[in-house]
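Chemist: Reading the sequence shown from the start, the letters are residues -20 to -1, 1 to 141 in mature numbering (1 follows the signal peptide of the UniProt record, and there is no 0).
Mind looking over this structure? Questions follow.
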Amino acid sequence: MKLRTLCMAMLCLFYLCACKTDPLAKLPNFSFRLSDSTTIINSKEIPTDKPIILISFEADCTGCQQMTDSLLQNINAVKDVRFYFLSMESFDKVRLFRDYYHLDQYPNIIVGQDYQRIAAYHYKVRGTPYIALYNSNKDLVGIYAGKPNIKNLIASIKDLN
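Dropping the structure here:
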């Protein structure tokens, strides 16, 4: 009987060790360059006191532009969230987007270059905008691929708090 119990315990232990967690479940470890083109931030440095929204964008993407317009019109509803607008494009385009929308005027919005291409490799992004929502523990809560319904996005963001 003890041998059987021991075998079952070992089998369960091997099973638990073999289980892999979903690689998307947590905020990945990656670095991005701020739009000043020199400062590099690692995702480990992102504070955990507020929910985190990663937005993969392209400056000339109509859906990205419309989503940003709508988001900024509702910014007071989501002021307790950290937004990271990250693009794989050149700094000229990243800065153009930042300056056009005056994103540097919002304390909860950071704009940068995804020079490691985390969006392409980790999230398998095939189009923009691509939005990943994380709670304050850096656990993935939701993903929006493509231009979101802004009311649904705002509701999802509010649910993070």
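By construction, the Cβ of each residue, glycine as well, lies at the ideal position given by its N, Cα and C atoms.
All of these numbers come straight from a predicted model, not from anything done at the bench.
Can you grab the Cα-Cα spacing for the pair N54 / D139, in whole Å?
Modeler: The sequence position of residue 54 within the sequence shown is 74, counting from 1. The sequence position of residue 139 within the sequence shown is 159, counting from 1. Going from the Cα of N54 to the Cα of D139 covers about 15 angstroms.
Chemist: Rounding to the nearest angstrom, what Cα-Cα distance links F12 and I20 in this structure?
Modeler: As a first step, residue 12 must be located in the sequence shown, where it is residue number 32. As a first step, residue 20 must be located in the sequence shown, where it is residue number 40. Between F12 and I20, the C-alpha separation is close to 6 angstroms.
Chemist: If you run the structure through DSSP and keep just helix, strand and coil, what is K73?
Modeler: If you number the sequence shown from 1, residue 73 lands on position 93. Residue state, collapsed to three classes: helix.
Chemist: Tell me which same chain residues have a C-beta within less than 8 angstroms of the C-beta of K59, skipping the five on either side of it?
Modeler: As a first step, residue 59 is located in the sequence shown; it is residue number 79 there, counting from the start. Cβ within range, chain order: N88.
Chemist: For I111, which residues of its own chain have a beta-carbon under 6 angstroms away from its beta-carbon, when the five flanking residues on both sides are left out?
Modeler: Position 131 of the sequence shown, counted from the start, is the residue given in the question as residue 111. Answer for I111: I35 and Y124, listed in chain order.
Chemist: Leaving out five residues before and five after C(-9) in sequence, what residues of the same chain have Cβ atoms less than 8 angstroms from its Cβ?
Modeler: To locate residue -9, count along the sequence shown from 1; it is residue 12. Legend: pLDDT at C(-9) = 40, less than 50; position of this residue unreliable, value from coordinates given subsequently. Excluding positions up to five away in sequence, the list is empty.
Chemist: Looking only at its own chain, which residues have a Cβ that is under 8 angstroms from the Cβ of L76, when we skip the five neighbours before and after it?
Modeler: For the purposes of this step, residue 76 is taken as the residue at position 96 of the sequence shown. A39, listed in sequence order.
Chemist: Contact check, V91 vs S15 under 8 angstroms by CB: the rounded distance?
Modeler: Residue mapping note: residue 91 aligns to position 111 of the sequence shown, counting from 1. Residue mapping note: residue 15 aligns to position 35 of the sequence shown, counting from 1. With 8 angstroms as the limit, V91 and S15 qualify as a contact, their Cβ atoms being about 5 angstroms apart.
Chemist: By a C-beta neighbour count over all protein chains shown, 10 Å radius and 16 as the cutoff for buried, is D49 buried or exposed?
Modeler: The count along the sequence shown starts at 1 and reaches residue 49 at position 69. Under this definition D49 is an exposed residue.
Chemist: Determine the direct distance from the alpha carbon of L7 to that of E47, and round the result to whole angstroms.
Modeler: Counting from one through the sequence shown, the residue named residue 47 turns up at place 67. Counting from one through the sequence shown, the residue named residue 7 turns up at place 27. Correcting the residue type first, residue 47 is Met in the shown sequence and not Glu. Roughly 22 angstroms between the two C-alpha positions.
Chemist: Using CA coordinates, which residue listed in K104, F10 and T28 is at the minimum distance from S116?
Modeler: In the sequence shown, residue 116 corresponds to position 136, counting from 1. Checked all of K104, F10 and T28; the closest Cα to S116 is T28.
Chemist: How many Å lie between E69 and N141 at the Cα?
Modeler: The residue labelled residue 69 in the question sits at position 89 within the sequence shown. The residue labelled residue 141 in the question sits at position 161 within the sequence shown. Answer to the nearest angstrom: the Cα atoms are 31 angstroms apart.
Chemist: Exposed or buried, K127, counting other C-beta atoms within 10 Å across all chains shown (16 or more means buried)?
Modeler: The residue you call residue 127 lines up with position 147 of the sequence shown. Classification for K127: buried.
Chemist: Compare the Cα-Cα distances from Y64 to each of I33, N9 and D79 and report the closest residue.
Modeler: The count along the sequence shown starts at 1 and reaches residue 64 at position 84. Here the closest residue by C-alpha is I33.
Chemist: Which word fits N132, buried or exposed, when buried means at least 16 other C-beta atoms lie within 10 angstroms of its C-beta?
Modeler: The sequence position of residue 132 within the sequence shown is 152, counting from 1. It is exposed - the Cβ of N132 has fewer than 16 other Cβ atoms within 10 Å.
Chemist: Note down, in chain order, each residue of its chain lying with its Cβ closer than 6 angstroms to the Cβ of R62, except the 5 sequence neighbours on either side.
Modeler: One-based indexing of the sequence shown puts residue 62 at position 82. Cβ neighbours of R62 beyond the five flanking positions: K30, I32 and N88.
Chemist: Using DSSP bridges, identify the partner residues of Q93.
Modeler: Here residue 93 refers to the residue found at position 113 when the sequence shown is read from its first residue. Paired residue(s): R13 and S67.
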